[in-house]
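Here the structure is laid out as C-alpha cells; the discussion comes afterwards.
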DNA sequence: AAAATAACATACCGATCAGTACGTTATTGT
DNA sequence: ACAATAACGTACTGATCGGTATGTTATTTT
C-alpha cells in the first residue's frame, strides 16, 4: 500500500451514473465526467477502466438498486392492484415533477446501445426479465389472496405490464398531457381483473 | 439558374434518414452522412442546413410516411381487433426478421433528443398524438360496427395501445424471447373487448 | 528516516468532430 | 459565344474527442 485514495469510489460512480442517465453514453464526454465526478481523468481510468466500462458499472449499479426498489414497493401494499396503480402513478409523478425527464437509465441504454452492442443488449434484457418476474410474482400473490381472477395468465399479464411501463416511461419524454398518461395507466390496470 | 443539381434531394434525404434511424443523432458523423448520401459536405449544408436541421428534415419525412402507412394498414381490415393484431404482429416480425433492430425513428429520437431539445419534444409528441387519434378513430369504427363493446373508452384505450406499441418497440431492442412479445400483444389486445 | 509505491495533477497525444473557404466545373440566360 | 451563377470537389479550420505519458505528492513498510 501507499497513498490512500482521496475519493469515495461509490460516490463518484454514483455521480457518473447520474450524468450518463441524464445525457446518455455518446453525449457525455470525459470532461463532463471529470467535472461531475470531481476527480481527474487518470483516476477514472485507473479505477473503472475506459468510458464504456465506466458506463457499464454505472448501469449495473442502477439496475440493481432499481430492481430492489421496485420489489419493495410492490410488496408494501396488501392490494396487488393498488400496489401497481400506486407504482405506475409514482413513476408518472416523478417525470412530471422533475424539470428534466431522465426516464429510466436502462431503457435509455436499450435504445441507444443495445442494438449495436451485444453486452448491453444482454444486460438490459436481463434487467427487464428480472422486473417481469417481480411483476409476475406480485400478480400470483394477488391470485392466491383471491384479489385477482385465477383465470388470468400471471406471466403474460406481467409481461404486458412491463411493456406498458416501458412505453409510459418513454412517451413521457415528449411531455404529453398528464391525462394521456393517467388514461393509459387506468386502462392498462384493467388487465388486472 | 446555373449548373443543375446532380443528386436527387429526396433520395439523399432518404439515405440520411436511414442512417440517423440506425445510429441516432450523436453517433452519426458528417463523414458517415457524406458517404451514405453520396454527396459532399458542402452540398449537405447548402441543401439542408446544419446537422440538426438535416436530422429534423429526416425525422419529418419519417413521421409523415409512417403515419400514413399506419393509417392505411388499420383501415384495410374490416375487423378492428384483427387490424390491430395484424399490425402489432407485423411490427414484431419486422424487428425479429431484420438483423439490426432500428425500432422506430421517432421513438429513438424521443429518448435521445426530446429531453434536451424542445423542438424534438414537440415534434415527437405531435407524432404520437397523431397516431393515437388514428387508433382512436379505428376503435370508434369498431364500436360503430358493433364489433367492440360500446362501454369501452375509445380515446383512453387508444392511448393505452400507443403506450404498449412504444413499449414493444423499445423492448425488442434487447431481443427478448419471441414469446415475451407475443404474450404482451395478446394480453394487450384483450383491452379491445 | 529512507525506500517503495500508489494516487494525484498537469499537460499532452493523434484522431475525429462539425462546419467552411476556395478554386473548379458545368449549365443557364443573354 | 460569353458572362453570370450555382453546384461541385478539395482541403482546411479550430475545437473537442477518448485516452495516456510523466512528473509530483502523500502514505506505508522496512
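Residue numbers (the numbering used here), protein chains in the order written: chain A, 3 to 195; chain B, 3 to 195.
All C-beta atoms in this analysis are idealised placements derived from N, C-alpha and C, irrespective of residue type, glycine included.
Chain B residues whose Cβ lies nearer than 9 angstroms to that of residue 54 of chain A: Those do not exist, as residue 54 of chain A stays about 13 angstroms from chain B at its closest Cβ, beyond 9 angstroms.
Assuming contact is defined by CB atoms lying nearer than 8 angstroms, are residue 156 of chain A and residue 188 of chain B in contact in what I supplied? In this structure, residue 156 of chain A lies away from residue 188 of chain B, with their beta-carbon atoms at least 8 angstroms apart.
Positions along the region 137–150 of chain A whose CB lies within less than 8 angstroms of some CB in chain B: Listed by position, the residues of the region 137–150 of chain A near chain B (Cβ gap below 8 angstroms) amount to none.
Residues, ordered as in the chain, of the region 20–41 of chain A that lie near chain B by beta-carbon distance below 7 angstroms: Residues passing the 7 angstroms Cβ filter: 26, 28 and 29.
Determine the closest residue to residue 87 of chain A out of A/22, A/161, A/8 and A/167, with distance taken between C-alpha atoms. Of the candidates A/22, A/161, A/8 and A/167, the one whose C-alpha sits nearest the C-alpha of residue 87 of chain A is A/167.
Using a 10 Å radius around the Cβ and a threshold of 16 neighbouring Cβ atoms, would you call residue 174 of chain A buried or exposed? Buried, because 16 or more other Cβ atoms sit within 10 Å of the Cβ of residue 174 of chain A.
One question on the structure: do residue 106 of chain B and residue 171 of chain B come within less than 8 angstroms of each other, judged by their Cβ atoms? Cβ atoms of residue 106 of chain B and residue 171 of chain B: closer than 8 angstroms.
For residue 78 of chain B, decide whether its Cβ has a neighbour in chain A, counting only Cβ atoms nearer than 8 angstroms. Not one chain A Cβ lies under 8 angstroms of residue 78 of chain B.
Between the Cα of residue 135 of chain A and those of A/120, A/70 and A/94, spot the shortest distance and give me the residue it belongs to. Of the candidates A/120, A/70 and A/94, A/70 places its Cα closest to the Cα of residue 135 of chain A.
DSSP three-state label for residue 173 of chain B, please. Residue state for residue 173 of chain B is assigned as helix, using DSSP reduced to three classes.
Look at the Cβ atom of residue 145 of chain B, then the Cβ atom of residue 152 of chain B, and state whether they are nearer than 8 angstroms. In contact: residue 145 of chain B and residue 152 of chain B (Cβ atoms closer than 8 angstroms).
Residue 26 of chain A CB to nearest heavy atom of the ligand NAD below 7 angstroms: As far as ligands go, the structure on display features none, and thus does not contain the ligand NAD.
Give a yes or no on whether the C-beta atoms belonging to residue 138 of chain B and residue 176 of chain A are separated by under 8 angstroms. No.
Do you know offhand how far residue 125 of chain B's Cα is from residue 4 of chain B's? Distance between the alpha carbons of residue 125 of chain B and residue 4 of chain B: 36 angstroms.
Given 8 angstroms as the limit, is there contact between the region 36–53 of chain B and the region 8–17 of chain B, that is, 3 or more CB pairs closer than that? A contact between stretches requires three or more CB pairs, one per stretch, nearer than 8 angstroms, and the region 36–53 of chain B meets this requirement with the region 8–17 of chain B.
Would you say residue 66 of chain A lies against chain B (beta-carbon separation less than 8 angstroms)? Judged by the 8 angstroms Cβ criterion, residue 66 of chain A is not in contact with chain B.
So residue 20 of chain B and residue 185 of chain A are supposed to be a Cβ contact under 8 angstroms. How far apart are they, rounded? Going by Cβ atoms, the distance from residue 20 of chain B to residue 185 of chain A rounds to 34 angstroms, so no, they are not a contact pair.
Any beta strand (DSSP E) of 3 or more consecutive residues that is wholly inside the region 110–155 of chain A: As for any beta strand (DSSP E) of minimum length 3 sitting wholly inside the region 110–155 of chain A, there is none.
Flag residue 6 of chain A as yes if its beta-carbon sits less than 8 angstroms from any beta-carbon of chain B, otherwise no. Closer than 8 angstroms: no.
Can you find a CB in chain A that lies within less than 8 angstroms of the CB of residue 72 of chain B? No Cβ of chain A is located within less than 8 angstroms of the beta carbon of residue 72 of chain B.
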